[in-house]
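There are 2 protein chains.
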Amino acid sequence: MSKKIHDLTTPCFLVDREKLQVNTTRMLDTCKGLGVTLRPHTKTHKTVEFAELSTGGIKQGITVSTLVEAEMYADAGFDDILFAYPITKDKIERCTKLMCRLSQFHVMVSDLSGVECLKANIDKLPAGKTWSVAIEIDCGYGRTGFVPISDDFLQAARDVQKSMKLLSLYTHCGGSYYIFTKDERESHHQKTVAQLKEARNIILKEFPDAKFIIGVGSTPSCSQPSKVHQQVEEFHPGNYIFNDYEQYLLNACCQKDIACRVMTKVVAHKEEKNMLIVDCGFLALENDGISQRPDDFCLIEGESNLKMVGMTQELGKIKAKEGELNCQNYPVGTILYIYPFHSCATAAMHGVYYVHSGDEVVQTVKPCRGW
Amino acid sequence: MSKKIHDLTTPCFLVDREKLQVNTTRMLDTCKGLGVTLRPHTKTHKTVEFAELSTGGIKQGITVSTLVEAEMYADAGFDDILFAYPITKDKIERCTKLMCRLSQFHVMVSDLSGVECLKANIDKLPAGKTWSVAIEIDCGYGRTGFVPISDDFLQAARDVQKSMKLLSLYTHCGGSYYIFTKDERESHHQKTVAQLKEARNIILKEFPDAKFIIGVGSTPSCSQPSKVHQQVEEFHPGNYIFNDYEQYLLNACCQKDIACRVMTKVVAHKEEKNMLIVDCGFLALENDGISQRPDDFCLIEGESNLKMVGMTQELGKIKAKEGELNCQNYPVGTILYIYPFHSCATAAMHGVYYVHSGDEVVQTVKPCRGW
């Protein structure tokens with residue numbers, strides 16, 4: 000029996016099937032055009048169905064942020080999975096199991112402790128197997144990863160080269176979230192790729208026969224690539240599958256490319272404050288947006304004069320941007336659609352995603368959670 | 000086989016059994032001392048086990064924020080449940096079922112639309128039953144509820160009195176989250192209770208035989224009550240069961256009363272920034288704290304010179320408050336315990352809570368989620 004989105008319990012997380020298709024196809028095409036392999040990051044959605052879509056149906060070559068994701072994908076027949084997270088001792092046992100189950104499972108080192116950890120656990124692997132390792136490079140974001148020209152990086156590269164298999168030099172490109180102009184973005188691309196190439200050359204100088212790739216991530220970068228990206232071998236963005244208000248602000252997508260929305264209802268009027276109360280609190284939308292952009296943390300579809308001004312656990316407050324809102328224009332029961340600021344964070348608040356085509360719910364998809 | 004908390008996968012949500020016991024017993028005792036009934040709010044934890052504890056084992060008289068909670072508690076043998084959320088048409092069917100299953104199920108109206116909705120659906124109830132209604136009063140918080148002296152309030156009271164059963168005048172006391180001094184708190188208590196009594200008198204003037212109660216909520220209020228609270232009949236706080244850094248800042252608890260922590264591990268060093276990277280990103284801690292208090296949004300147990308300075312999805316960044324942190328003092332693998340700013344928000348990020356006594360995990364508890 001067909002179900003309409005209007006029949007769903009609010010709040011709920013909607014995913015537009017056609018937009019999802021457009022976003023995934025576009026990124027596959029972008030990569031094809033550049034001659035770059037796409038290893039999509041699944042942290043945004045954490046579902047089998049969308050990962051299959053984002054790999055163009057081949058279920059090979061993905062990036063994950065948790066071992067729960069990796070295990071779910073292994074169960075679902077995916078292979079060639081990169082666990083792009085600093086490796087630590089407590090995760091070795093589960094990684095070893097994944098190494099045995101999959102033909103290709105890769106781990107990441109972000110500092111020398113990760114390299115030491117892998118070295119100390121090579122004997123845990125089945126005979127003939129060794130760790131396949133991405134070395135994380137910090138191209139200026141300043142969170143995790145090796146500074147490319149550093150003793151630590153050289154040490155890591157040597158250690159991996161000596162007793163393991165070097166898969167790639169991997170960078171998140173998190174700095175791309177702070178760039179708003181085209182010129183600055185081009186310059187950021189150039190600098191990032193130059194740093195990766197420099198890091199590569201440091202390794203090749205010492206190990207001329209080393210075979211590994213360099214790859215960049217982040218949706219703002221990969222959605223607005225430039226020619227310089229022909230010099231890398233891999234893209235690993237995640238957010239582009241949904242996009243969100245943040246990507247829109249960064250020019251990484253148009254509003255029509257935002258494939259996910261929170262559907263909410265007006266549940267009460269606060270007349271004396273000219274304010275609508277909706278059933279979209281922070282348990283439905285998440286607070287990442289409000290923490291970064293307190294005055295403008297989401298978009299309400301088709302309502303250019305409405306803004307969400309605050310949230311508590313289960314309630315959102317909506318006022319007019321200009322003038323006073325007349326509550327009577329939005330009777331209790333009115334449905335509103337909210338484009339989240341950060342879709343990865345918003346999706347994580349929902350145990351089910353409703354995929355729809357137009358008004359019709361065509362699929363329900365369940366993400367994995369936890370660690 | 001006994002399991003130690005150190006053997007758990009990080010990040011995870013720990014609940015200290017003894018502190019939980021202290022917090023629940025203290026609130027029961029506070030209410031007993033004042034002659035007030037406790038109707039604990041379950042939105043903080045959403046578990047059967049902790050609700051049983053907070054009702055002193057009787058499984059009667061609770062407050063919930065979602066119908067999923069109400070249904071879970073009904074399944075678990077709880078009764079006398081107040082769904083403290085603005086009632087709307089889309090929820091009538093599920094509420095009707097709960098009315099049939101339970102001997103006492105109560106709904107809430109926050110504006111006239113809620114009253115109209117209930118009136119229009121009285122015939123949906125079984126013969127001889129009518130809606131049992133809490134009228135939400137806005138004592139100055141400004142989110143939802145009736146201003147006590149208003150035409151709308153009088154209209155609501157008349158309508159409920161005429162064809163339904165008035166359970167209570169209910170206020171959240173959300174304003175208590177903005178009060179830091181004892182004098183201001185006392186004044187807030189006085190004002191709140193005065194407003195509720197005034198609202199009660201408005202009803203009693205017209206309906207002298209009306210039987211209903213007045214009740215106040217919020218952990219900052221109920222954890223620091225005063226004599227004036229002897230004039231109300233009900234408390235309905237929720238957060239006190241865990242407490243958190245925010246309650247500590249509001250003097251509503253001591254640090255030792257915070258019963259929940261996120262256990263996290265150092266997963267990498269960012270040496271050149273004198274920064275530790277831990278596996279507690281916003282999917283483990285939530286962003287409500289950082290949105291309200293960006294420079295000081297959690298407490299790291301026993302580490303008075305460490306502070307969390309930022310989070311991404313799966314990673315937290317920790318630096319020294321004063322001087323430069325020497326990463327070598329916190330080797331990768333070091334476990335840290337984080338007291339969250341807002342435990343309701345943090346708990347909601349976890350599919351399981353690990354209850355421990357000392358170092359031993361004594362129970363795993365699973366909350367409900369969704370709407």
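Respectively, the protein sequence lines represent chains R and P. Residue numbering for the first sequence follows this note's numbering, beginning at 0 and increasing consecutively. Residue numbering for the second sequence follows this note's numbering, beginning at 0 and increasing consecutively. Every residue, glycine too, gets a C-beta built ideally from N, C-alpha and C.
Endpoints, alpha helix (DSSP H) assigned at residue i
i: P/D74; result: 66–74
i: R/L305; result: Segment 305–310 is the beta strand (DSSP E) holding R/L305; no alpha helix (DSSP H) there.
i: P/T191; result: 181–205
i: R/L282; result: 281–284
i: P/I91; result: 91–100
i: R/V159; result: 150–162
i: P/F145; result: Here P/F145 belongs to no alpha helix (DSSP H), and DSSP marks it neither H nor E.
i: R/L124; result: Here R/L124 belongs to no alpha helix (DSSP H), and DSSP marks it neither H nor E.
i: P/Y244; result: 244–248
Distance, residue j Cα to residue i Cα
i: R/K272; j: P/G214; result: 24 Å
i: P/V21; j: P/I148; result: 39 Å
i: P/Q230; j: R/D278; result: 33 Å
i: P/D137; j: P/T191; result: 9 Å
i: R/Q103; j: R/L19; result: 27 Å
i: P/I240; j: P/W370; result: 22 Å
i: P/R184; j: P/S303; result: 28 Å
i: R/S109; j: R/E115; result: 11 Å
i: P/Q154; j: P/N286; result: 40 Å
i: R/V146; j: R/H349; result: 37 Å
i: R/K45; j: P/A126; result: 48 Å
i: P/L284; j: P/Q312; result: 10 Å
i: P/T29; j: P/L52; result: 15 Å
i: R/L97; j: R/L117; result: 15 Å
Other residues of its chain near residue i: CB distance less than 6 Å, five sequence neighbours each side excluded
i: R/A83; result: T62, M107
i: P/C221; result: F234, P236
i: R/Y247; result: Q254
i: P/F206; result: Q160
i: P/A156; result: I202
Contact set between residue i and chain P, taken where Cβ atoms lie within less than 7 Å
i: R/G332; result: T87, K88
i: R/Y239; result: Chain P residues near R/Y239: none, gap ~15 Å exceeds 7 Å.
i: R/K318; result: The premise fails here: R/K318 is roughly 12 Å from chain P at the closest Cβ pair, so nothing lies under 7 Å.
Neighbourhood of residue i by C-beta, 8 Å cutoff - its chain only, sequence neighbours within 5 removed
i: P/D295; result: K306
i: R/Y176; result: S217, P219, E245, L249
i: P/C326; result: H268, K269, E270, N273, M274, L275
i: R/A363; result: Ala is not the amino acid found at residue 363 of chain R; the sequence shown has Thr there. So the qualifying residues of the chain are V351, Y352, Y353, V354.
Cβ shell of residue i (< 7 Å), same chain only, five flanking positions each side left out
i: R/S1; result: E359
i: R/S167; result: A133, F211, I212, I213, G214, E233
i: P/V266; result: I276, V277, D278, V331
i: R/K90; result: L66
i: R/I4; result: L13, M262, Y353, H355, D358, V360
Beta strand (DSSP E) segment containing residue i, residue limits
i: R/F104; result: 104–108
i: P/Q59; result: 59–63
i: R/R260; result: 259–269
i: P/D15; result: 11–15
i: R/I276; result: 274–277
Residue i - partner residues in DSSP beta bridges
i: P/T363; result: P/Y353
i: P/E115; result: P/E115 is not bridged to any residue.
i: P/E135; result: P/Y169
i: R/D78; result: R/Q59
i: R/A319; result: R/L305
i: R/G214; result: R/Y169, R/E233
i: P/H40; result: P/T62
i: R/C297; result: R/P339
i: P/K2; result: P/V360
Contact list for residue i against chain R, beta-carbon separation under 9 Å
i: P/W370; result: T8, T9, P10, C11, D278, L282, A283, E313
i: P/A344; result: F281, L282, N286, Q312
Interface partners of residue i on chain P, CB under 8 Å
i: R/P293; result: S290
i: R/V387; result: With chain R running from 0 to 370 in the structure shown, residue 387 of chain R is simply not present.
i: R/T143; result: A267, K269, I276, L314
Residues that residue i contacts on chain R, provided the C-beta gap is smaller than 8 Å
i: P/E245; result: Simply none; closest approach about 13 Å.
i: P/V261; result: By Cβ distance, chain R contributes nothing, its closest Cβ being about 11 Å from P/V261, past 8 Å.
i: P/D74; result: Going along chain R, no residue has its Cβ under 8 Å from P/D74, so there is no contact; the nearest lies around 18 Å.
Under 7 Å from the C-beta of residue i: neighbouring residues of chain R
i: P/N286; result: E285, N286, D287, S290
i: P/A251; result: Residues of chain R passing the Cβ test: none, with the nearest at roughly 17 Å.
i: P/A347; result: L282
i: P/A69; result: Going along chain R, no residue has its Cβ under 7 Å from P/A69, so there is no contact; the nearest lies around 13 Å.
i: P/G350; result: R368, G369
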